[in-house]
Structure formats: structure tokens, C-alpha cells
Amino acid sequence: MRRIKKIAVIGSGVMGSSIACHFANIGVKVLLLDIVPTQLNHIEQKKGFSLSDKVVRNRITSENLEKILKSNPSPIYHPQFAKRIEIGNLADDLPKIADVDWIIEAVTENLEIKKSVFEKLEQYRKQGTLITSNTSGLPVHFLSEGRSEDFRKHFAITHFFNPPRYLQLLEIIPSADCQSDVVDFLFFYSDKFLGKTPVLAKNTPAFIGNRIGIFVMMHTLHQIKWLNLKISEIDALTGTIIGRPKSATFRTADVVGLDTLVHVAKGVEKNSTDNQDKHLFQIPDYVLNMLKNNWLGAKSGQGFYKKIDKEIFELDLRAMEYVPCQQVVFPLLNEVKKEELKDRFLLLIQGDDNVSLFYKRTFAALFAYIQNRIPEISDTLYQIDDAVRAGFGWQIAPFEIWDAIGLAKGIELMQSMGYETADWIQDMLRNNQLSFYKLTKEATYFYDIKTKKYRKKVGQEGFIILDNFRSETLWKNDEASIINLGDGILNLEFHSKMNTIGGGILEGIHRAIDFAEEKFQGIVIGNQAENFSVGANIAMIYAMATAKEYEKLNQTIAYFQNTMMRLRYSSIPTVAAIHGMTLGGGCELSLHTDKVVVAAETYIGLVEFGIGLIPGGGGSKELTVRASDGLRKGDVILNRLQDYFQTIAMAKVSKSAYEAFDWDILQKGKDIVVVNRLRLIAEAKKHALLLAEAGYTRPIERDDIKVFGRQSLGAFLVGTDSMREGKYITDYDKRIADKLAYVMSGGDLSEPTLVSEQYLLDLEREAFLSLCTEPQTLERIAKILK
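Quick note: the sequence shown uses full-length UniProt numbering, first residue 1, plus one each step.
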């Protein structure tokens, strides 16, 4: 088995430095190299440096890395991880590549430059070392031309999507001579260690992801003129309503850069023999005019959208002038929002208005295009879906959309728009094979064109896909479901709006524990939505507070607290599988489980302070407990407690899972990080089983939490007074902070005392409830809800 302990990245531009950062993220040492400057810059001249000085010779690499590390969003999970990257230059440090396990070339997209780099690398590369090129479209056979046999056996294209930390797609295009074990390893490593969705692509223009994704964008760029729709209207139709990123079409083009989009489109048009490509990949006149005006998007300050002062303007394509964005209102969209995502597609094509016509044309063109890309760009349809989902962030991929509409309905839709149906699609219809996918709890099966049968999708061994387990649902309400994952482990899944935690989810937690304590071994709390949970249902809290139903609100808070405590003190192990936004109540839930299995891309924190509250579901209590548990002889007591206090009072949200360990929101030695989010629930199930099989015993309730009463409370109040005097916080912020200080100090006790968790929960609930009566808190909540 290969082990990757150190890699070399050749080229420190945006992609090279970002790739280096992502390998550093997972604990790999990185050697990052670039060319030597040919002349001194102004600063170097002023300091008296010469071209022979190391700091000058490494300047291009160091500046590029420093720039990418300062970018937002950050390419690095934790600032400390950047220390794993060693910088150098191609003139002095090339011999060091003899010590690496994998060389990734990421220089400029120029064939001759890349080939000259490979020639230099061959002088020092040791036999058997992996060597790959990060190119978005250069032919693999040209890149490996003239290289040694060992080089060719270990050479492939590994096309990372930008930014590498955040986009899951990794397209792998092996050379003709590349050994099968090398390809297998690249798939294994990119999935298990890099957290990627690896896709085997053919050596065709733009590979798979960009070929389909850019086709969809280009079709939309042409269609906007046909239907007389505005840019903002198209973005409303092509965003979250159909499970795509909220940046939709034109905002995405602005972020990517119009010049980049055009470059890829022209490349496909030039190198493709398909008539659809030749026609639709041509650049519309209005886009050419935008290029002339240097309206490239975010990089030039204006593109399809432009911000003037605080107002957003959009480009009127007929007048080629910017006009204020107006609120987009389509009654059909408001109607279908109520439906599950997969159920929306058929509803969107039922009408005869412009909105339905847009969707009819969009889906018909998409189906016609993807049917003809097999076997041109891929032998299997699921590779196309995987590429678009992982590279462009579609929740429902192209062939899945067709399944949602129905095979026969999709054919009818294509024919109504003048498209022909591919022979293999007609074969499916004739043989009564009416879907591209079939789901079982063991695996996903796909229709294979060659065998005309359903085959198991490869690479699912480490995954649990909840959609495949729907038949194992034991209980369900409007907000939560309990699913049997097998082996004695249940999964509690949230499906409220944005997975906010309300009464239905709290009921689900109790039901899951009831089931598990009676007949099962443990529970996992996890879902496969965009975010784990954005917190408690503040709309419900706001409604009770404005109606002055304080007793009911008090009972609701107590129910939330009691539910968290039941998670902590059940007789079976509880494991939270968290990802994405895990805020407020979602964070409090994870604080009370026996273990947290957390995706690297998790943004977690107790954010209640921002809406004029303190954590009221056990969060304030739990950080007080952790402060007490973390005390060691000789510690400065108040400093430790103050750190936890600031975590809440500053409403800190981690920029990755690793940052949350710094604040003890996640606990070292107990909670674990998984880079590939698709493996999250399977990993959580494994740890729930391990806890059960180790002889899990119900914990004993705590009554030994040390609080410091007036000693800490006085120090906190002095601190908040100073912050207010310095105008760092408002009067009302001080009021909230003082209530939090009261809770975390254990109240107005005259001396340090050992208290119970319930004692702290009662203080926390009282403070939370009192803040719900304050007009300024209600104003903040109302603003958030609006």
C-alpha cells in the first residue's frame, strides 16, 4: 500500500498554492516550488538584497502562498497547518523532489511550459513516484509525450476544482500507459484522505464537470434573450429552488469571471465535433460586448451585477445599462417551495407561462445533451452525475432530474422541443427499464448502457446514503425521522426548514432514545442536508415572547434542556454526526452527545448572543462544566473560565472543525474529524457500535461542578464595564453579558461551591427567559427573521 507522507507541488499560483494548502490540511508535508525572479523588486532593492539571496529566489513562491493564505474563504483549516508547507524554487530545490511520494504539477495552462517542467522533473524524480498534472483541458497524451516508461506508468491528470478545499470534484484522467493500480490508488486516496468525489474522465474537451456545467450555463446565456427574462429572474429560477447554489447562473459567472467562462466555452467549441457544442458554446454578442468593456464580474467590480453604494444593480441586456434589482416574484416558485426538492421538477414544467417554458427548454436541452455524452465523455451515467454534483454543487444531478420527471416524460419533453432521442434511451423504454437509478439500503444501482442491466455503483463501501434507507424508517413526523441503519444502530434525521430545532425534532430525540433503549444499541443524530442545523426555532420563541406566553415559553426551554440532558444520560451511546452550519441549538445538541463525528467543513458555535440571548438549551451550562473539568493545579482560574465566557459572548463560529477544538466546543481525544462528508454517518455508526460493544454504561449525573460565585462574577462585571466604557459594546450587550456572567459564575454565591448541572440549567433558563421579555431582544430576533 502506498503511503503519502510528503508531496511536491510545482507552481505556486492560485491553484498550486490552494492544492498545497489542502494537502497540508490533512497532515501531509508539502514542498511548494516556483520559478526564480529575474529582477529585484522595490523593497528588495531598498534592503540591499541581490538576486542570489534565498529570500529573493523564493519570493514568488512565498508571496503567492502568503496571498492565498489571506484569501477569504481560507484554503487552510487552521493557521497552524500552514507550517506543514515548505517553500522553495525550481532552480535550487528541485533535487528535493527525490524524497516525495507524489508530484503535482500546477503551472500555467501552456503545453510547452508543462512539458519543459516535466523534463526537469525527470532528472530528480525517483522511480515509482506518482506524478500528476492539474490541467483543466490539455490532452493527457500530449503531456506525457517523450517521457520515460516509468514516468508514463505513474502519470495522470488530476483536475482539482477551485477552490480545492471546498469543491469536492477531482477528475482523474490517466495516460494510456498509466498502471491500473495507480488509478485505483488515486481514487482511494482522493476519497478517503482528500475528501473528494473522484470521477474517471476521458481525454475529451473540458473533461466531464466543465463540459456539462458550462453547457448548462451557455444554454442559459442564450435562452435569456429568447424568453425576455431579466438576469435576476433567471437566477431566481436556477438557484436553490432546483437544488443548485444560491449564486445560480449569473452570480456564479461573476464569481468565476466572464473571461474564464468564455475561455472554457471557446475551448470546447474549438475542440469538439458535436453540433450542439459548436452551436451553444458560441459566445453571445452581449457577452462579447461585456468583455470589451472589461465587465468581467467580481474581479473587475462589475459584470452581470454591480454594487453601487449599498444597492445591487443588474445589467439590462437590451440597453446594456445597469438598473436596480427588483424583488423577483413568481407565484409558481412560491407554490413548489412547499414540495420536496425531487418533487418540484415535474411541477415546474406543467404550465404554459414563461417560467414553465424556461424549465421545459432547460430540461429538454439538458436531457438531449447528456444522453449523447455517453460514451463520449464517460462510459457510465453516474460519473456524469457525480461530476456535476461535486463540481457545481447541484443537489439533484442531471440524470436524477430526468428520473424525477420520469423517463417517458423526459423523452416527450425533448421531442416537443425538436430533439432526437438516443438509441440507448429508446432501448430503456422498450425494455420497460424506466429509471436511471435503483436504490436499496445496501447500494445505489445504475443503468449500464453496455450490458443493458442495472449495476452496482462502485466506491460506496464506506458510505451510508440515507435516501437508500427510506424503507427502514421506524417513525416520522414533519421535522424528524428515525431510520434503522442496521447492526443495532438508529439514525435520527432532521428535515425541518434549515433543520431548525423545534418541538418535532425534540420529540424525535426522545422517541429515538426510547426505541434504542428498548431494542437497539445506540443512536446517531445526522442528516445529509446542506447544514446539520442552524439552531433552535427562533420564530417559535419570538411568537411566544411577543404574545407574553411566558409560562409556555419557560416550559419549552425546560423541554429543550431536558432533551439535551436525556442525550447525555441515556443508557445507550449517542453520537452526533455534524457538518456545515451547526449553530446555537445544533451546537448545544452536539455538546451533550457521547461523541461527535464532525466533517472538516463544519462551522460551529453558540451564536445566541447575536440575537440578544444566551445559550438556553444547556450551552451556557456545558461550557461552565468544561471550564470546571479543565482546571488543573496552578491554573489561573478566572482566565480559563473567561475563555469559555468569551466564546459565548463573542458568538464565535469556527471556520472549520479544527478551529472548534481550540475553544473546547469539540474535545481533543474524544471527537473526531472526517474529511469526506459522504462518509460521516457511516463513521458515526461505527463509533456508536464501538461504544456499545465496549460495554456502554449510563453516566452518573453531575453534582461536582465548581463555580466561583462573586469571585468570578465581580471580575466579569469589571470586564463588561470596561468594554462598555471603551465603547466596544452597547449598553444592551453589557446587559446580556452580565446575565451570562451570572450563570457561568453559579450566581451570587459568597464562595467557590460545587453545584449540580440542574442548578446551572435553572440559572440558564431563568436568564434566557428574562431576556425574552426585553424589547431589544425581540427587535433583534425580528430583524433576523425578516
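Glycine included, C-beta positions come from ideal geometry on N, C-alpha and C.
Taking all protein chains shown into account, residue 481 has 16 or more neighbouring C-beta atoms within 10 Å of its C-beta and is therefore buried.
Residue 444 is bridged by DSSP to 439. Taking a contact as a CB-CB distance under 8 Å, the pair residue 500 and residue 536 counts as one, their CB atoms being some 7 Å apart. Residues of the same chain with a CB within less than 7 Å of the CB of residue 587, apart from the 5 flanking positions on each side, are 604, 605, 606, 619, 665 in chain order.
Per DSSP, residue 260 is not a residue of any beta strand (DSSP E); the alpha helix (DSSP H) it occupies stretches across 258-271. With contacts defined as CB atoms closer than 8 Å, residue 552 and residue 575 fail to qualify as a contacting pair. Counting only residues of its own chain and dropping the five nearest sequence neighbours on each side, residue 284 has a CB closer than 8 Å to the CB of 221, 222, 225.
Comparing C-alpha distances from residue 642 to each of 525, 573, 548, 741 shows the shortest one belongs to 741. By the C-beta criterion, the region 666-684 is judged not to be in contact with the region 697-710, since fewer than 3 inter-stretch pairs fall below 8 Å.
By the beta-carbon neighbour count (other beta carbons within 10 angstroms, threshold 16), residue 1 is exposed. By the Cβ rule, the region 88-102 does not count as touching the region 70-77, because fewer than three pairs are nearer than 8 Å. DSSP places residue 331 in the helix class (H, G or I) of the three-state scheme. Between the alpha carbons of residue 332 and residue 409 lies a gap of roughly 20 Å. Within the DSSP bridge table, the entry for residue 525 names 492, 576 as partners. Using a C-beta cut-off of 8 Å, the region 106-118 makes no contact with the region 203-218, since fewer than three inter-stretch Cβ pairs fall below that distance.
In the DSSP assignment, residue 779 falls within the unbroken alpha helix (DSSP H) covering 775-785. By alpha-carbon distance to residue 399, the top candidate from 469, 521, 127, 436 is 436. Per DSSP, residue 763 is one residue of the alpha helix (DSSP H) stretching across 757-772.
At the C-beta level, residue 198 and residue 172 come within 8 Å of one another. Judged by DSSP secondary structure, residue 216 falls within the alpha helix (DSSP H) whose first and last residues are 209-227. Among the bridge pairs identified by DSSP, residue 171 is matched with 159, 199. Just so you know, the alpha carbons of residue 3 and residue 181 end up roughly 14 Å apart. Annotation for residue 441: 468, 469, 471, 472, 486 place their beta carbon closer than 8 Å to its own, counting only its chain and skipping 5 residues before and after. With fewer than 16 other Cβ atoms from the protein chains shown falling within 10 Å of its own Cβ, residue 51 counts as exposed.
As for any beta strand (DSSP E) of minimum length 3 sitting wholly inside the region 79-159, the runs are 85-89, 102-105, 130-133, ordered along the chain. Counting the other Cβ atoms within 10 Å of the Cβ of residue 214 gives 16 or more, which makes it buried. Shown here, residue 703 sits in coil according to DSSP, grouped into three states, outside any helix or strand. For residue 719, the enclosing alpha helix (DSSP H) covers residues 710-725. Apart from sequence neighbours up to five positions away, the residues of its chain that approach residue 638 with a beta-carbon distance below 8 Å are 708, 711, 712, 715, ordered along the chain. Secondary structure of residue 311 (DSSP, three-state): strand. Judged by pairs of C-beta atoms under 8 Å, the region 364-379 touches the region 416-424, as three or more such pairs exist. Around the beta-carbon of residue 628, 16 or more other beta-carbon atoms lie within 10 Å, marking it buried. Under a 10 Å Cβ-count criterion, residue 452 is classified as exposed, with fewer than 16 other Cβ atoms of the shown protein chains found around its own Cβ. Taking C-beta atoms as the reference points, residue 304 and residue 254 count as a pair closer than 8 Å. Contact annotation: the region 766-773 does not touch the region 745-757, with fewer than three C-beta pairs closer than 8 Å.
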